[in-house]
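The structure appears below as structure tokens.
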Amino acid sequence: MAEILIVEDDNNINSLLCELLKNENSVTSAFSGTEAMMIFNSDVNKFDLILLDLMLPGKSGEDIIREIRQVSAVPIIVLTAKGDTNTLVDILEMGADDYISKPFDVREVKARAKSHLRKKMDNHTFQEEVLKFEDLTLNISSRTAFVGENPITLTQKEFDMLSLFLHEPKRVFTKEILYTKVWGDMYYGDDNTINVHISRLRSKIKEYMQKDIIDTVWGVGFRLKVK
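Numbering follows my numbering, in which position 47 of the sequence shown is assigned residue number 50; successive positions increment by one, without gaps.
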């Protein structure tokens, strides 16, 4: 049974989300940012998914994302009434894996939660597998990434994209293929989501490898920079 942390200060919305997800999962509620981090920090490996409101008393949702990403790649779905593009790009750049705009359709929440949980659970069935590219190493079973001995903190989506590139280093992945494989959903031309994640992944790797290892094939997609 999956463990889900719901962080929402509105009692009615919190209760609705709990009722929606509790039949197939173990659900824990928090009503402030401070309470959420106390619960999370008590066992950073406990949760399989976090549903997070941005507007919270105590710590903000943005602060929570930053703190969690220091220690965990647990999938984070942000629930937000801030629907402008800049805000949505910002939360993805901070490390959120997905977002749902308020007011939301409960069917969408349930479907997205299932998609992220399925992806995470599927990863646990992998046998021990290590992928390497130059000084970069990915351990698929533990979902850890290193450049040399330096660990890189990647979100679930960043790790999944990078593992695709390393699995097939000479393949050009179209945005449609990336979205289908990494997000587990149909691609409707949402270039912004993929571009933001690729940009963040490039930045994190370049910090340690001192170079960009992902090639943009204009009009097609992305691939690993191989000789």
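The beta carbon of each residue, even a glycine, is placed where N, CA and C say it ideally should be.
Would you decide whether ALA33 is buried or exposed? Buried here means 16 or more other CB atoms lie within 10 Å of its CB. buried
Do VAL220 and VAL175 count as a contact pair if the criterion is CB distance below 8 Å? yes
Hey, is the region 34 to 43 in contact with the region 53 to 62, meaning 3+ C-beta pairs nearer than 8 Å? yes
Enumerate in chain order the residues of its own chain whose CB-to-CB distance from ASP163 is below 6 Å, with the five nearest sequence positions on each side excluded. VAL185
Residues near LEU120 in its chain [Cβ-Cβ closer than 7 Å; skip 5 each side]: Excluding residues within five positions, the ones whose Cβ falls inside 7 Å are ALA5, ASP51, LEU52.
Complete alpha helix (DSSP H) runs within the region 85 to 154 (minimum length 4 residues, chain order): 88 to 97, 109 to 127
Does the count of Cβ pairs from the region 190 to 197 and the region 130 to 148 closer than 8 Å reach three? no
What's the C-alpha gap between ALA116 and ILE80? 8 Å
If you measure between the beta carbons of PHE225 and ILE201, is that distance less than 8 Å? yes
On the three-state DSSP scale, how would you describe ALA39? helix
Tell me whether PRO106 is buried or exposed, calling it buried when 16 or more other Cβ atoms sit within 10 Å of its Cβ. exposed
Considering only residues of the same chain and omitting the five flanking positions on each side of SER166, which have a CB-CB separation below 8 Å? Excluding positions up to five away in sequence, the list reads LEU134, LEU141, ILE143.
Within the same chain, show all residues whose beta-carbon is closer than 6 Å to that of ALA148, passing over the 5 residues directly before and after it, in chain order. LEU141, ILE155, LEU157
In whole angstroms, give me the CA-to-CA distance for ASN17 and GLU96. 25 Å
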